[in-house]
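*Asks:* Sharing a structure, written as structure tokens. Questions coming.
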Amino acid sequence: MSIPYDCISLISTYLTDDDYLNYCHAFDMKPRFDNLTFWYVIRNVMKLYSLELNFRNVTKCINSPPNIWGIISEVVELSEDFIRKFKDDLNWRCILTYQKLSEEFLREFKDIVDWKLVSNYQELSESFMREFKESINWPCISLKQELSAEFILEFKDRVNWTNISALQTLSESTIRQFQDYVDWRHISSVHRLSEDFIRKFKHRVSWHAISFGQNLSEAFIREFEDFVDWEYISGKQKLSQKFIHEFKDRINWSALLMEKRNFKLPISFLEKHINYIDFKCVGFIKLSKEFTQKIGQKCILNNPKYCKEVIENYINHVGEDSILQRVCKKTGYLEVLQFS
Numbered sequence: 001m002s003i004p005y006d007c008i009s010l011i012s013t014y015l016t017d018d019d020y021l022n023y024c025h026a027f028d029m030k031p032r033f034d035n036l037t038f039w040y041v042i043r044n045v046m047k048l049y050s051l052e053l054n055f056r057n058v059t060k061c062i063n064s065p066p067n068i069w070g071i072i073s074e075v076v077e078l079s080e081d082f083i084r085k086f087k088d089d090l091n092w093r094c095i096l097t098y099q100k101l102s103e104e105f106l107r108e109f110k111d112i113v114d115w116k117l118v119s120n121y122q123e124l125s126e127s128f129m130r131e132f133k134e135s136i137n138w139p140c141i142s143l144k145q146e147l148s149a150e151f152i153l154e155f156k157d158r159v160n161w162t163n164i165s166a167l168q169t170l171s172e173s174t175i176r177q178f179q180d181y182v183d184w185r186h187i188s189s190v191h192r193l194s195e196d197f198i199r200k201f202k203h204r205v206s207w208h209a210i211s212f213g214q215n216l217s218e219a220f221i222r223e224f225e226d227f228v229d230w231e232y233i234s235g236k237q238k239l240s241q242k243f244i245h246e247f248k249d250r251i252n253w254s255a256l257l258m259e260k261r262n263f264k265l266p267i268s269f270l271e272k273h274i275n276y277i278d279f280k281c282v283g284f285i286k287l288s289k290e291f292t293q294k295i296g297q298k299c300i301l302n303n304p305k306y307c308k309e310v311i312e313n314y315i316n317h318v319g320e321d322s323i324l325q326r327v328c329k330k331t332g333y334l335e336v337l338q339f340s
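Under the UniProt record's numbering, the first residue of the sequence shown carries the number 1, and numbering increases by one thereafter.
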């Protein structure tokens, strides 16, 4: 005895998602979106497409939001065949931003696509960029695409040199070749440069960026002591005690002592250079009790120049177990301070 179709159809209305699809398959029924929940559809778009569901009715799925096509365009990995078939329903901005498209597909829809988005988000070959040189967005190409030195040379008057300098991997020979085009501020901060190269282009590089980001030898810093930024040299370069002592009048001691690797400078070295130390750094550096006991009273309590001035000027930098807190306790200033 066969089950009446009306009964089969009625039962199907109580089923959703996998249960519903399995039921439809068992009874050779054409599935519809009415019995599929929104998130099930999103997770199984290509599976449902292969089952030949009518995606024109996708908005009828359970709990479907108004922008379901935009969500499909953004979060689902779609086949180009699917995009082609539903090109009028999908969100093309999302498609170009989140889908990986072939150059053949982009060529097919060259009159529809937003070329700025293509240039920014799609991976393009140099031959394709050459073919569509009048359509692509050159600032985006310069920023997002991987370009060879030969390609950059060919289109040197089209590329955006600020973006090229900041994001492209350029050899020193390439930088030398395009020295009149590149943005030297980005070249100095982004690219790893040899000291010989910096020496050759000393009047073009950004010495702030060089001092901050390049690894410089002490001999090189000594050679260009009037060019480098001593605040960055003090805080960012690895310096020996001998070098620090040699340039003690140029070193930025606050920057030096704020750098973690310098926290363990020997007590004898700090004692020798105590008159260079800015005591606002004390609140940020964890000092040993040995340093406090050995140097604190000698350098502050017995020196009228520091005692009251240091406490009043750097009250906001006093920290627990810092040398200033100990000074405050011994000088009677404790009652007027609020310790952090």
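Beta carbons: idealized from backbone N, C-alpha and C, even for Gly.
A quick note: this is a predicted structure, and the numbers were derived from the prediction, not measured.
Pull up the DSSP beta-bridge partners for Ile83, would you.
*Replies:* In DSSP, Ile83 forms no bridge with anything.
*Asks:* Quick one: what's got a C-beta closer than 7 Å to Val76's C-beta in the same chain, skipping five residues either side?
*Replies:* Once the five neighbours on either side are set aside, the close Cβ partners of Val76 are Ile42, Val45.
*Asks:* With burial defined as no fewer than 16 other Cβ atoms inside 10 Å of the residue's Cβ, what is the status of Gln179: buried or exposed?
*Replies:* That one is exposed.
*Asks:* Would Pro4 be called buried (16 or more neighbouring beta carbons within 10 Å of its own) or exposed?
*Replies:* The residue is exposed, with fewer than 16 neighbouring Cβ atoms inside 10 Å.
*Asks:* Just grab the DSSP bridge partners of Ile141 for me.
*Replies:* In DSSP, Ile141 forms no bridge with anything.
*Asks:* Decide if Cys61 is buried, meaning its Cβ has at least 16 other Cβ atoms within 10 Å, or exposed.
*Replies:* That one is buried.
*Asks:* In chain order, what residues of the same chain lie with their CB nearer than 6 Å to the CB of Ser135, ignoring the 5 residues before and after it?
*Replies:* Excluding residues within five positions, the ones whose Cβ falls inside 6 Å are Trp115.
*Asks:* Opposite Thr37 in the DSSP bridges: which residues?
*Replies:* Thr37 is bridged to Ile62.
*Asks:* Mapping the DSSP letters down to three states, classify Asn275 as helix, strand or coil.
*Replies:* Helix.
*Asks:* Out of Trp92, Glu123, Lys100, Tyr121, point me to the one whose CA is closest to Asp111's CA.
*Replies:* Looking at the Cα atoms, Trp92 is the closest of the given residues.
*Asks:* Does the stretch 157-164 come into contact with the stretch 188-198, if we say contact requires no fewer than three beta-carbon pairs (one atom in each stretch) closer than 8 Å?
*Replies:* Segments in contact, no.
*Asks:* Quick check: what's the CA-CA separation for Arg32 versus Leu117?
*Replies:* So the two alpha carbons sit approximately 35 Å from each other.
*Asks:* Give me, in chain order, the residues of the same chain whose beta-carbon lies closer than 8 Å to that of Met29; leave out the 5 immediate sequence neighbours on both sides.
*Replies:* Taken in chain order, the residues that qualify are Ile8, Ser9, Ser12, Tyr23.
*Asks:* Sort Glu231, Gln99, Asp196, Phe201 by Cα distance to Ser217 and report the nearest one.
*Replies:* The residue with the shortest Cα to Cα distance from Ser217 is Asp196.
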